[in-house]
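S.K.:
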Amino acid sequence: MTQTLIAALADAKWTFSTRRVDCGLVAGTDTNFAAARPGDLILAQVDSLGQHKRVQLTTGRPSFIYPGDMIVLACGARYAPDQFEGLAEIDPAGADLLAGGGCIGRLVARNERIKSATRLLPMARLLDAAGMPLNLDRFALPATGRGPDIPVIFVLGTAMNSGKTLATAQLSLGLRRAGYKVAALKGTGTGAFGDFNEYADTGAHWVADFTDAGMVTTYREPLERVKQGLDLLLCHAADRGCDIAVMEVADGLFQRETGALVADPWLKQRMSGLVFACGDAVAAAGGVAELARHGLRPDALTGILSCSPMAVAEAEAATGVAVLRKSDLADPAEANVFALRAGAGSRQAA
Amino acid sequence: MHQADIRTFITTNTVASPAGSLSARVIRPADLSGEPPVVALHGISRNADELVTLFAPEAHSSGRIVIVPHFAEARWPHFQRPCRAARPDQALLALLNHLAVIDPALAGPVDLFGHSGGAQLAHRFAMLYPNRVGRLHLAAAGWYCLPDTSMAYPYGLGADKTPDSLTWARRHAQALATYLRLSVHVYVGTADDGRDEALRQNTKLDQLQGRTRIDRAAHYVDRFRAAARAQGIAPDISLTRLPGVAHDVGQALRHDNLAAHITQNSILRFSAVS
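Heads up: the protein sequence lines correspond to chains A and B, in order.
All residue numbers for the first sequence refer to my numbering, where the first residue is 114 and numbers rise by one.
All residue numbers for the second sequence refer to my numbering, where the first residue is 117 and numbers rise by one.
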């Protein structure tokens, strides 16, 4: 049975979150799903289609899925108020496709506006030659031996879909146009290639996310683990010659890990600049006030808010913080302001 | 590609940018000194050919790469200052970024020379991207953007109620201290005292900066020094009056070998340097 399943791996759809995995290390399987922990590799069969009708492949393209398809994903939790909340638990009788990037777990809550999760039949947990479960953390980037000594512009926001990813991409574009080698990084969230590809399309010198640090999701991961992952990405950005990093922190300020990061001295120590994305003026005022409670003040507001001149005027009046449109962030003259403030100009000249 | 002399080659490069395309001649001597490239910006006569002729021998003797952009009139009716209507700064940045990719010798800050309208763009570019500039050489600018927040852009760095004014003020504010630390050399001919058609003339500008390029150069140097000292920065700016030189880039660059002084970073020995 094990050999049959291993043979099936060759034709299986390996999802984005598994892109760093060395498939050649798979030497066995088990069905001890009760022991599965976040990041363990799971071979599953599509049972019935729900919200996700496609998965994201390691090759960077989406693939339609059909009942009976075999897919490889990682056990993980999910935090997505617009979609699902899920836990890193595998029920042998049936599990849920929590994210198209390749996250399997147990659905615990669903946004009323979307369908139920696509159902999966767990077939096997993937093991190495020693019989140990293969986990994403084994395939994380190696330690670099240097510190995370690179200016970082963080991008925070009020919630999912407030404009953080666009802001991260456009600021990366502006910095690249200004002549900087930029690392565009997704610090937290659940693995998916949408944001990753959007960053890469800007011509950023290096693009990475938390899956490169060995996590399929940062949701429900210990804060220390999340911070270690972020530092690992920053170390690699510095090691690869980047002048500056733009790092998106997923979801809203009240989300579990984001809130913990905002409250942690780590963020202020690493921060060379801060952009806050939000949808309207009241959200802007609330976000700026919440950040102030932690001793933080954004250098700029952006997001859906910036599309409305009236909302911009209200937000600027309420907060005293400039609102930047996506075209502003992509403007090298504007991006250079962030870089100079962060001290990246001297790194670039050196 | 053609040969300027036996060991100096001139290539033409054209790059696209969000603001429009820009071409430039790159004068590359065979033996490089390792000094940063010099970028030479033409004025409204768009005499890039003349700049190539004037700088090619100096590139050869100094071992420095000289880049001569050409802002073609059809695409760049206005190129002297970044504004809503035209972003020559973006095109120049795209050019420098492109050249740095294809030739490592062209990476890093450049020395920037501009004459007349080219001097206007040169100092305004440097105010936005001071980290991309080594030395700044400004010859016979018609007028200047003063490092003074009490007046709105483009005369100064403050804001008024015009569209985008706050945007430009914000962009300049962060870069100002770095700009004021640059080594800046201002040149003007002693015969460049006419109020010709090319000189921007209005009552406000005359009152603020003076009536001639000579007055305005002197005023700019004074204001630069004052702004630097106000920020605790020791200003490194000089004003050189070129005896008998009119508003003519050829005359200016040939005068006492100014082109060689620019490419060789040597000190002018005119008594009129202040």
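By construction, the Cβ of each residue, glycine as well, lies at the ideal position given by its N, Cα and C atoms.
1) So with CB distances below 9 Å, who are the chain B contacts of Glu-427 (chain A)?
2) Given a threshold of 16 other Cβ atoms within 10 Å of its Cβ, counted over all protein chains shown, does Asp-338 (chain B) qualify as buried or as exposed?
3) Is Cys-71 (chain A) helix, strand or coil when you go by DSSP?
4) Grab the span of the alpha helix (DSSP H) containing Met-384 (chain A) for me, first residue to last.
5) Would Arg-290 (chain A) and Pro-194 (chain A) be called neighbours here (beta carbons separated by less than 8 Å)?
6) Against chain A, does Leu-148 (chain B) count as a neighbour if the rule is that its beta carbon must be under 8 Å from one of theirs?
7) If we define contact as Cβ-Cβ less than 8 Å, is Leu-244 (chain B) a contact residue for chain A?
8) Give, in chain order, every residue of the region 262-294 of chain A whose Cβ lies closer than 9 Å to some Cβ of chain B.
9) Whole-angstrom Cβ separation of Gly-213 (chain A) and Gly-189 (chain A), contact assumed at under 8 Å?
10) Return the CA-CA distance between Leu-374 (chain B) and Lys-320 (chain B), expressed in angstroms with no decimal places.
11) Please confirm whether Glu-311 (chain A) has its beta-carbon closer than 8 Å to some beta-carbon of chain B.
12) Taking its Cβ as the centre, do 16 or more other Cβ atoms sit within 10 Å of Ile-218 (chain B), making it buried, or is it exposed?
13) Mind checking the region 441-460 of chain A against chain B and listing, in chain order, the residues whose C-beta falls within less than 9 Å of any C-beta there?
14) Please confirm if Ala-435 (chain A) has its CB atom under 8 Å from at least one CB of chain B.
15) Buried or exposed for Thr-172 (chain A), going by 16 or more other Cβ atoms inside 10 Å?
16) Pull the bridge partners of Ser-176 (chain A) from the DSSP assignment, please.
17) Which of the three DSSP states, helix, strand or coil, is assigned to Asn-163 (chain B)?
18) Helix, strand or coil: which one does DSSP assign to Gly-342 (chain A)?
19) If you draw a straight line from the C-alpha of Gly-400 (chain A) to the C-alpha of Gly-372 (chain A), how long is it?
20) Apart from the five residues on each side of it in sequence, which residues of its chain come closer than 7 Å, Cβ to Cβ, to Ala-317 (chain A)?
21) For chain A, is any of its Cβ atoms less than 8 Å away from the one on Met-117 (chain B)?
22) At 9 Å on the CB atoms, spell out the chain A contacts of Leu-237 (chain B), in chain order.
23) Could you tell me the boundaries of the alpha helix (DSSP H) in which Trp-284 (chain B) lies?
24) Just to make sure I have the definition right: I need the residues of chain A whose C-beta is within less than 8 Å of the C-beta of Pro-198 (chain B). Which are they?
25) In three-state terms, what does DSSP make of Trp-379 (chain A)?
26) Go ahead and pull the three-state DSSP assignment for Ser-387 (chain B).
27) Are there 16 or more other CB atoms within 10 angstroms of the CB of Gln-164 (chain A), so buried, or fewer, so exposed?
28) In its own chain, which residues sit with a C-beta less than 7 Å from the C-beta of Ser-161 (chain B), not counting the 5 before and 5 after it?
29) CA-CA distance, Tyr-336 (chain B) and Pro-198 (chain B)?
30) Tell me, please, whether the region 178-197 of chain B touches the region 252-268 of chain A by the rule of three or more beta-carbon pairs shorter than 8 Å.
31) Name the residues in the region 202-213 of chain B whose C-beta lies less than 9 Å from a C-beta of chain A; which are they?
32) Should Tyr-179 (chain A) go down as buried or exposed, given a rule of 16 or more other Cβ atoms within 10 Å for buried?
33) Is the region 232-252 of chain A touching the region 153-163 of chain A in the sense that three or more CB pairs, one from each, lie closer than 8 Å?
34) Please compile the residues from chain A whose C-beta is within a distance smaller than 7 Å of the C-beta of Arg-286 (chain B).
35) Judging by CA-CA distance, which residue of A:Thr-131, A:Asn-274, A:Cys-348, A:Ala-390 is the nearest neighbour of Thr-330 (chain A)?
36) For the putative contact between Cys-391 (chain A) and Thr-271 (chain A), defined by C-beta atoms under 8 Å, what is the C-beta separation to the nearest angstrom?
M.R.: Answer, in terms of the structure:
1) The count along the first sequence starts at 1 and reaches residue 427 (chain A) at position 314. Within chain B, no residue has its beta carbon less than 9 Å from that of Glu-427 (chain A); the closest one is some 16 Å off.
2) Indexing the second sequence from 1 puts residue 338 (chain B) at position 222. Exposed, because fewer than 16 other Cβ atoms sit within 10 Å of the Cβ of Asp-338 (chain B).
3) Summary: the structure shown does not reach residue 71 (chain A), with chain A confined to residues 114 through 463, and so no result is reported for it.
4) Walking along the first sequence from the start, residue 384 (chain A) turns up at place 271. Note, Met-384 (chain A): premise wrong, no alpha helix (DSSP H); beta strand (DSSP E) at 384-390.
5) Position 177 of the first sequence, counted from the start, is the residue given in the question as residue 290 (chain A). Position 81 of the first sequence, counted from the start, is the residue given in the question as residue 194 (chain A). No, these two residues do not count as a Cβ contact at 8 Å.
6) Here residue 148 (chain B) refers to the residue found at position 32 of the second sequence. No, Leu-148 (chain B) lies away from the interface with chain A (no Cβ there is under 8 Å from its Cβ).
7) Walking along the second sequence from the start, residue 244 (chain B) turns up at place 128. Closer than 8 Å to some Cβ of chain A, the Cβ of Leu-244 (chain B) qualifies, so yes.
8) Considering only beta carbons, the part of the region 262-294 of chain A lying closer than 9 Å to chain B consists of Arg-289, Arg-290, Ala-291, Gly-292, in chain order.
9) Looking up residue 213 (chain A) in the first sequence gives position 100. Looking up residue 189 (chain A) in the first sequence gives position 76. Between Gly-189 (chain A) and Gly-213 (chain A) the Cβ distance is about 13 Å, and since that is not below 8 Å, they are no contact.
10) Against the second sequence, residue 374 (chain B) aligns to sequence position 258. Against the second sequence, residue 320 (chain B) aligns to sequence position 204. Roughly 33 Å between the two C-alpha positions.
11) Position 198 of the first sequence, counting from 1, holds the residue named residue 311 (chain A). Closer than 8 Å: no.
12) The residue labelled residue 218 (chain B) in the question sits at position 102 within the second sequence. The residue in question, Ile-218 (chain B), is exposed, as its Cβ has fewer than 16 Cβ neighbours within 10 Å.
13) Asp-441, Ala-443, Asp-444, Pro-445, Ala-446, Glu-447, Asn-449, Val-450, Phe-451, Ala-452, Leu-453, Arg-454, Ala-457, Gly-458, Ser-459
14) As a position in the first sequence, residue 435 (chain A) is number 322, starting the count at 1. Judged by the 8 Å Cβ criterion, Ala-435 (chain A) is in contact with chain B.
15) Taking the first sequence and counting its residues from 1, one reaches residue 172 (chain A) at position 59. That one is exposed.
16) Residue numbering aside, residue 176 (chain A) sits at position 63 when the first sequence is read from its first letter. The partner list for Ser-176 (chain A) (beta bridge, DSSP) reads A:Val-168.
17) Your numbering for residue 163 (chain B) matches position 47 in the second sequence. Reduced to three states, the DSSP call for Asn-163 (chain B) is coil.
18) Taking the first sequence and counting its residues from 1, the one referred to as residue 342 (chain A) is at position 229. DSSP places Gly-342 (chain A) in helix when its eight states are reduced to three.
19) The residue you call residue 400 (chain A) lines up with position 287 of the first sequence. The residue you call residue 372 (chain A) lines up with position 259 of the first sequence. If I take the Cα positions, the gap works out to 12 Å.
20) Taking the first residue of the first sequence as position 1, residue 317 (chain A) is located at position 204. Closer than 7 Å at Cβ, skipping near neighbours: Ser-285, Arg-289, Val-295, Ala-296, Ala-297.
21) Taking the first residue of the second sequence as position 1, residue 117 (chain B) is located at position 1. The pLDDT assigned to Met-117 (chain B) is 44, lower than 50, so where the model puts this residue is not dependable, and the model offers no usable value.
22) Locating residue 237 (chain B) in the second sequence gives position 121, counting from the first residue. What Leu-237 (chain B) touches in chain A: nothing, since even the nearest Cβ is about 13 Å away.
23) In the second sequence, the residue the question calls residue 284 (chain B) occupies position 168. First-last of the alpha helix (DSSP H) with Trp-284 (chain B): 281-296.
24) The residue given as residue 198 (chain B) occupies position 82 in the second sequence. Neighbours of Pro-198 (chain B) in chain A, taken as residues at a C-beta separation under 8 Å, are given in chain order as Ala-446.
25) For the purposes of this step, residue 379 (chain A) is identified with residue 266 of the first sequence, where counting begins at 1. Of the three classes helix, strand and coil, the one that applies to Trp-379 (chain A) here is helix, per DSSP.
26) Against the second sequence, residue 387 (chain B) aligns to sequence position 271. Because the pLDDT of Ser-387 (chain B) is 45, which lies under 50, any placement of that residue in the model is unreliable, and the number read from its coordinates should be weighed accordingly. In this structure, Ser-387 (chain B) counts as coil in the three-state DSSP scheme.
27) The sequence position of residue 164 (chain A) within the first sequence is 51, counting from 1. Label assigned to Gln-164 (chain A): buried.
28) Here residue 161 (chain B) is taken as the residue at index 45 of the second sequence, counted from 1. Here the set comprises nothing.
29) Position 220 of the second sequence, counted from the start, is the residue given in the question as residue 336 (chain B). Position 82 of the second sequence, counted from the start, is the residue given in the question as residue 198 (chain B). Distance from the CA of Tyr-336 (chain B) to the CA of Pro-198 (chain B), rounded to the nearest whole angstrom, comes to 19 Å.
30) no
31) Arg-203, Asp-205, Gln-206, Leu-209, Ala-210, Leu-212, Asn-213
32) To locate residue 179 (chain A), count along the first sequence from 1; it is residue 66. Classification for Tyr-179 (chain A): exposed.
33) yes
34) In the second sequence, residue 286 (chain B) corresponds to position 170, counting from 1. Simply Ala-435, Val-450.
35) Numbered from 1 along the first sequence, position 217 holds the residue referred to as residue 330 (chain A). Of the candidates A:Thr-131, A:Asn-274, A:Cys-348, A:Ala-390, the one whose C-alpha sits nearest the C-alpha of Thr-330 (chain A) is A:Thr-131.
36) Your numbering for residue 391 (chain A) matches position 278 in the first sequence. Your numbering for residue 271 (chain A) matches position 158 in the first sequence. Sure, about 4 Å apart at Cβ, within 8 Å.
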